[in-house]
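Participant: Below you will find the structure I want to go over with you.
Number of protein chains: 2
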Amino acid sequence: MEKQTVTIYDVAREAAVSMATVSRVVNGNPNVKPATRKKVLAVIERLDYRPNAVARGLASKRSTTVGVIIPDVTNIYFASLARGIDDIAMMYKYNIILTNSDDAGEQEVNVLNTLMAKQVDGVIFMGNHIDDKLRAEFKRAKAPVVLAGTVDPQGDTPSVNIDYAAAVEEAVTNLIQRGHKKIALALGPLSQSINAEYRLTGYKRALNKAKLPYDDKLVYEAGYSYDAGTKLQPVIADSGATAVFVGDDEMAAGIINASIESGVSVPDDLEVITSNDTIVTQITRPAITSITQPLYDIGAVAMRMLTKLMNDKELDEKTVTLPYGIVRRASTKPVE
Amino acid sequence: MEKQTVTIYDVAREAAVSMATVSRVVNGNPNVKPATRKKVLAVIERLDYRPNAVARGLASKRSTTVGVIIPDVTNIYFASLARGIDDIAMMYKYNIILTNSDDAGEQEVNVLNTLMAKQVDGVIFMGNHIDDKLRAEFKRAKAPVVLAGTVDPQGDTPSVNIDYAAAVEEAVTNLIQRGHKKIALALGPLSQSINAEYRLTGYKRALNKAKLPYDDKLVYEAGYSYDAGTKLQPVIADSGATAVFVGDDEMAAGIINASIESGVSVPDDLEVITSNDTIVTQITRPAITSITQPLYDIGAVAMRMLTKLMNDKELDEKTVTLPYGIVRRASTKPVE
DNA sequence: TATTTTCATGAAAGCGATTTCATGAGCTTT
DNA sequence: AAAGCTCATGAAATCGCTTTCATGAAAATA
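Listed in order, the protein sequences are those of chains A and B. For reference, each letter of the first sequence is one residue, going 1 to 336 in full-length UniProt numbering. For reference, each letter of the second sequence is one residue, going 1 to 336 in full-length UniProt numbering.
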């Protein structure tokens, strides 16, 4: 009862040509007489022949599939990148093998290895941190890897990002200009370089420029979630900070809602700026001022770069930095 | 400069056994003498051999890959299902080829076909509507298909869902019990059976039971987005409705924010209940009363069913209906 | 017209595994 | 000790395609 599959051999026989010719027709090779092409196409149509991509992959050593490693699909930030990746991949006829890594190093290595076993032609990696082990795997991989929305201070893996440090610096400077002296910084784990080496750096640079003292008691490490935000809020309130820069939109939403519920007015008592400009920033009241990032494009550009690498072309630039912006919403006061 | 790959043949030679034996070792076939197994494993380790999944797929006719068709990864509702799918898939050593369909029929058919060409062992389909063409493709596919969070009133494709009609009926009854006479219904496109045949049915049943008249002017068709909600709000306000059931959380958030900004109090002037209990329902103020669904589990159960089908096992039940609930938040008044 | 090129095509060798079948060695069983 | 089994193993076919190379025919050149 197994459904019969039509192979290239069947087509060749019916069309009275060789398999090679059928293969040429299927792959759009120009070296086929138009009459022959027509004949073959007719048979393909009649038999409803569909080339087997696995066999093709084995023979050609190209799977037209790329692996995408994502911390968690349900995270809007990364999902938005993934959408950009998939659209461009589809445009270039690639499929996406998507796997969640939960940002866990060991899992990331595993996943990368199974992707390589599946003979993906390339990999796009998203994550908050890259450790030595992972970096070594990237090197060892025989398929090219591109980082999307993901920094690696050490490695030389091609990547697409915004200038996180500069963005945070600008946002914090923005707060300083409105007179804030005690500005809290609410981040994800400091073990991740995106936090420890980029956001924190931008924060320090802004303070420095304004000759404000850096106080590590104002730097908070929490999770990337709404609940983490609500739990963190009282701590921030106690610190005496009058403004906070937050590394994740859901966390920022948690901070805002908890503030208001505990009688802390936003933006009057606490100004809030967040990082990712996801839909969450528009839903809260007050809506949240945010760094804006071209999320979709980060993914799209990363995939474009990957297609070049997969075709052994040179990259114009290995590290692409896309522009960011800052959009003011009601969680900060207008500039004076 | 192409990196050398180690094949099963290399391992066989180095270990002085046949390829068949190596294959047995790799696949955990018990018919191998322990000493031989050890010897082979040592060589595998030494050469860092990784089986080529493509070759394996061709020979065994199983790719250990399943296709997942999703309207849009950036939609939290579907992304949550996808997360459940991926976790279970990983547990069973399957990989996921994920593709966005934008809910577009033609695209869905295309995607399904390329998935079949890639020899996926099964497919999980998510979408808001299934038309005849798609249904026909499901039949034609030689790999099993399971629907997740997706209804097909006609087909007999295995599926995992909640009882949408009953859930809506309960939610609306809930509103009726608090005295509402004019209850609006804000849905996505009525061309989709989830709306036209399930949610609408539940709504009508509730009215019917309470002997309230059905007025199709109170049924609104919009998009699944925050902006669609803000645009719809004035229309709902004009209708004189004192409560609304909404088919999408972001839309509900838009309605709530727009209401409040235009001086309509929620829940005093307008009570709101929504459908998916995503994080959005907790972020708005007031937070939104919602139908609760085991999103992750819908995906997980669908994937579990698919693994059974892929191993030619019988399904206990073809249509799985998971329990739903209703969680009251501040967008509705307490029951009297 | 003779010679060289170009073009369209087919034969056949892989690609790297799995899997069937045959075989012989070592054990049981009578 | 003969016959029958079980178990571990290898040889070789196979999966469905791509790709190289050879070949003859047609077109271009001399």
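Beta carbons: idealized from backbone N, C-alpha and C, even for Gly. Bear in mind that the values here come from a model prediction, so they are computed numbers and not experimental data.
Taking three-plus beta-carbon pairs below 8 Å as touching, is the region 130-137 of chain A in contact with the region 145-160 of chain A?
Facilitator: yes
Participant: Expressed to the nearest angstrom, what Euclidean distance is found between the alpha-carbon atoms of V43/A and A184/B?
Facilitator: 56 Å
Participant: Hey, T278/B and I76/B are a contact pair by Cβ (cut 8 Å); roughly how many whole angstroms apart?
Facilitator: 5 Å
Participant: Would M1/B be called buried (16 or more neighbouring beta carbons within 10 Å of its own) or exposed?
Facilitator: Here M1/B scores only 41 on pLDDT, less than 50, and its place in the model should not be relied on; the value that follows carries that caveat. Per the 10 Å Cβ criterion, exposed.
Participant: Who are the Cβ neighbours of V25/B in its own chain at under 7 Å, not counting the five residues just before and after it?
Facilitator: Answer for V25/B: V32, R37, V40, L41, listed in chain order.
Participant: Starting from the beta carbon of T292/B, find every residue of chain A whose beta carbon is closer than 8 Å, and list them in chain order.
Facilitator: Here the premise fails: no neighbours, minimum Cβ distance about 16 Å.
Participant: So, is the C-beta of M303/A closer than 9 Å to a C-beta in chain B?
Facilitator: no
Participant: Which two residues bound the contiguous beta strand (DSSP E) that contains N161/B?
Facilitator: 159-162
Participant: Helix, strand or coil: how does DSSP classify S259/B here?
Facilitator: helix
Participant: Between the region 116-132 of chain A and chain B, which residues of the former have CB atoms less than 8 Å from a CB of the latter, in chain order?
Facilitator: M116, A117, K118, Q119
Participant: Which residues in chain B sit within 8 Å of I298/A, going by Cβ to Cβ distance?
Facilitator: None at all; the shortest Cβ gap to chain B is about 13 Å.
Participant: Does DSSP put I291/B in a helix, in a strand, or in coil?
Facilitator: strand
Participant: Between S63/B and Q119/B, how many whole angstroms is the CB-CB distance? I'm expecting something under 8 Å.
Facilitator: 5 Å between Cβ atoms; contact.
Participant: What would DSSP say about M1/B, mapped onto helix, strand or coil?
Facilitator: Bear in mind that a pLDDT of 41 at M1/B, under 50, signals an unreliable position, so the number given afterwards is only what the model happens to contain. The DSSP-derived three-state label of M1/B is coil.
Participant: Using a 10 Å radius around the Cβ and a threshold of 16 neighbouring Cβ atoms, would you call D103/A buried or exposed?
Facilitator: By the Cβ neighbour-count rule, D103/A is buried, with 16 or more other Cβ atoms within 10 Å of its own.
Participant: Residues of chain B with CB closer than 7 Å to the CB of Q282/A, please, in chain order.
Facilitator: Y226
Participant: Check the C-beta distance from V235/B over to L270/B and give it rounded, since I have them as a contact under 8 Å.
Facilitator: 12 Å between Cβ atoms; not a contact.
Participant: Going by DSSP in three states, N29/A sits in which element: helix, strand or coil?
Facilitator: coil
Participant: State whether the region 299-314 of chain A contacts the region 84-92 of chain A, with contact taken as three or more CB pairs (one from each stretch) at a distance under 8 Å.
Facilitator: At 8 Å Cβ cutoff, the stretches touch.
Participant: Which residues of chain A have a Cβ atom closer than 8 Å to the Cβ of T150/B, listed in chain order?
Facilitator: Under the 8 Å cutoff, chain A gives no residues; its nearest Cβ is about 17 Å from T150/B.
Participant: Have a look at A287/A, V266/A, I255/A, V264/A and flag the residue whose alpha-carbon is nearest the alpha-carbon of A258/B.
Facilitator: A287/A
Participant: Thinking just about the alpha-carbon of each residue, which of L315/A, L306/A, T321/A is nearest to the one in V123/A?
Facilitator: L306/A
Participant: Within the 9 Å Cβ cut-off, does I273/B reach chain A?
Facilitator: No, no contact with chain A.
Participant: At least one CB of chain A closer than 9 Å to the CB of S23/B: is that the case?
Facilitator: no
Participant: Please report the straight-line C-alpha distance between A330/B and R285/B, rounded to a whole angstrom.
Facilitator: 8 Å
Participant: Would a check of beta-carbon distances place N311/A closer than 9 Å to chain B?
Facilitator: no
Participant: Short of 8 Å Cβ to Cβ, which residues in the region 82-99 of chain A face chain B?
Facilitator: A82, R83, D86, D87, M90, N95, I96, I97, L98, T99
Participant: With 16 other CB atoms within 10 Å as the buried threshold, where does N27/B fall?
Facilitator: The residue in question, N27/B, is exposed, as its Cβ has fewer than 16 Cβ neighbours within 10 Å.
Participant: Any residues in the UniProt domain "HTH lacI-type" (6-60) of chain A with a beta carbon nearer than 7 Å to a beta carbon of chain B? Which ones, in chain order?
Facilitator: R50, P51, N52, A53, V54, A55, G57, L58
Participant: When the Cα of T114/A is compared with those of Y94/B, V246/B, F125/B, which residue comes out closest?
Facilitator: Y94/B
Participant: Helix, strand or coil: how does DSSP classify T150/B here?
Facilitator: Three-state result, T150/B: coil.
Participant: What's the gap between the Cα of residue 343/B and the Cα of N174/B?
Facilitator: Past the boundaries of the shown model lies residue 343/B; chain B is included only from 1 to 336, so the question cannot be answered.
Participant: Any beta carbon of chain B sitting closer than 9 Å to that of D72/A?
Facilitator: yes
Participant: The alpha helix (DSSP H) spanning I283/B covers which residue range?
Facilitator: Start and end: 280-283.
Participant: Smallest Cα separation from S101/A: which of V335/A, S23/A, D121/A, V68/A?
Facilitator: V68/A
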